[in-house]
Every structure is written in structure tokens, then in C-alpha cells.
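Single-structure report; data block below.
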Amino acid sequence: MTSAATESRQGTASAEEVARFTAMADEWWDPTGKFRPLHRFNPVRLGFIRREMAAHFGRDPQAARPFEGLTLLDVGCGGGLLSEPLARMGFAVTGIDAGERNIAVARIHAEKSGAAVEYRVGGPEDVSAESFDVVLSMEVIEHVPDPARFIALAAGALKPGGVFLGATLNRTAKSYLMAVIGAEYVLRWLPRGTHDWKKFVRPSEFAAFLRDAGIETKAFRGMEFKPLSDEWVETMNLDVNYMLMGVKS
């Protein structure tokens, strides 16, 4: 029989997905490379995070470092595209990723930029004994083999009253056309095969995973690309890319 402790340590990452992102790891900080879409909509994600966290924790969103004294876990941090700016907002950030090369790139870039981030190789199963004020996992859940278990383990590292922040792709006909056919085959923003549409997660499914983990979803927001202005904006439309915020009871 497998013990609960042993089960919690079993990896949540897909070896195939880790290999895919490892092969692109050297391009994490290239705004014109394979991670160009993340660079382009990062300001939208950061704006959502700043606003929601300031409201929840009673901080001034206009302050230079409004989140001093708060701890944040970035699950699936990749090369640190969110970890670094969040550390500059004042969070004490721990970034974890299953890809050793991703973490190596993140550490090198943080050293060069002066960002104070603690990076570790691992998944949420490796931080079960720790607790954070905020757990963040953006554009990750659609790449893991068991999203319910992944969320349950990530939620286990969240303090009561703490905040979970997530982002992913909705499983709709529109998301197949735009995020797979459009982004990978027509515009070639991403390498072909980056996404498996069957693994996209509907908002109701994401909320259910969180609810089962003791987290109540408080807010949903979408992200849309506006071709005429060549920019990403926050919207109420959740058809393709969306973000969410929830609070642990």
C-alpha cells in the first residue's frame, strides 16, 4: 500500500511537457522568441495580480513595493517571467519548476537583474510542508497530466485566508481556432504542438478543482489580443485566455 506521504511526493509534471519546455529554455527571456506571447501579455497578468492582491491584503496598489512582508510561491515558474517582477513588487518569491534547465536560466537572469527570488527544481509535491500567503500558477495547469491533483497539492502550500492565482486556456471552439490553429500554425507565435486542446480547462472545471481543495473562486478575468492595436488587454470574455483569483478557507 502506498502511504499518503509517498503519494504526495510523486511528481505532478509530465515528462513530455518538461522535455518540450527544456528544449526552449534558453529563449525564456527573448521577447521575440518562442515565449513571445508570454512577454506580450505579461503586463496584463501583472496588472491583474497587483490589483487583486492589493484589494485582498489591503495594500496600496500605487506603492512601489506594496507587498512587502508577504510570501508567494510561483508554481511552474519557467524562466521567471512572473517571479522577477513580483519580487520587485515586494513579495518574497519562491519559484519552482520541474525543468532543471528552466531553473538554471531563471537563476542566471535573476542574478544579472538583481531580482531576489529563491528558485528550486520541483513541483507542488515538494513544498507540502511549507505555507505561503499567495500561490500562483499561470499557464501551467493545461500542461500537467492530473490537474485536480496538481491544484490540490498547490493549495496545500497556501495559508488559510491566502490567495490562489491561476491562468489557463478555456476549452472552446474559439480557443482551438485561436490558441492552437492561429497561434501555432498561422501566426507561428508558438511551436507546433505546444498545446493540446483536450487539456484546456473550462472555468467551471478550474473552479471545481479549487473548491475541492478548499478554495473559493472570487474573480475571473479574460485576456484578449487586439490585432488593430497589437496589444493584449484584460476583458470579461473568458472564451480563450483567462485568469482567476480564489481565497482559501
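Under my numbering, the first residue of the sequence shown carries the number -1, and numbering increases by one thereafter. For glycine and all other residues, C-beta sits at the position ideal for the given N, C-alpha and C.
Cβ-Cβ distance between residue i and residue j below 8 Å
i      : j      : result
ALA113 : GLU82  : yes
GLY88  : ALA104 : no
TRP195 : TYR174 : yes
VAL245 : GLU203 : no
GLU232 : MET243 : no
Same chain, Cβ closer than 6 Å to residue i, five either side skipped, listed in chain order
i      : result
THR0   : Annotation note: pLDDT 36 at THR0 (below 50); position unreliable, coordinate value reported separately. Excluding positions up to five away in sequence, the list is empty.
PHE252 : Look at the range of the chain in this structure, -1 to 247, and you will see that residue 252 is not part of it.
ALA3   : Interpretation of ALA3 is limited by its pLDDT of 40, a score under 50 that renders its predicted location unreliable; no figure is taken from the coordinates.
HIS54  : VAL161
GLY31  : GLU25
Nonlocal neighbours in the same chain, by C-beta distance under 7 Å from residue i, ignoring five residues either side
i      : result
GLY74  : ASP95, SER135 and VAL138
VAL142 : THR10, ALA11, SER12 and PHE148
PRO145 : ILE139, VAL199 and PHE207
ALA155 : LEU71, PRO122, VAL125, SER126, GLU128, SER129, PHE130 and VAL133
VAL178 : HIS193 and TRP195
PRO64  : ALA52, ARG57, ASP58, MET87 and GLY88
Residues sharing a beta bridge with residue i, DSSP
i      : result
VAL238 : VAL238 pairs with nothing; no bridge assigned.
ARG219 : MET241
ILE213 : LYS246
LYS224 : GLU229
Contact with chain D by residue i, beta-carbon distance below 8 Å
i     : result
PHE46 : In summary, chain D is missing from the structure at hand, where a single protein chain is found.
Neighbourhood of residue i by C-beta distance below 8 Å, restricted to the same chain and skipping five residues each side
i      : result
ASN100 : PHE19, THR20, ALA23, TRP26, CYS75, GLY76 and GLY77
ARG49  : PRO59
ARG209 : THR215
GLU15  : HIS141 and VAL142
Those runs of the alpha helix (DSSP H) which lie wholly inside the segment 40 to 120 and span at least 4 residues: 81 to 86 and 98 to 111
Which whole runs of the beta strand (DSSP E) in the segment 115 to 167 are 3 residues long or more, in chain order? 115 to 119, 130 to 136 and 156 to 167
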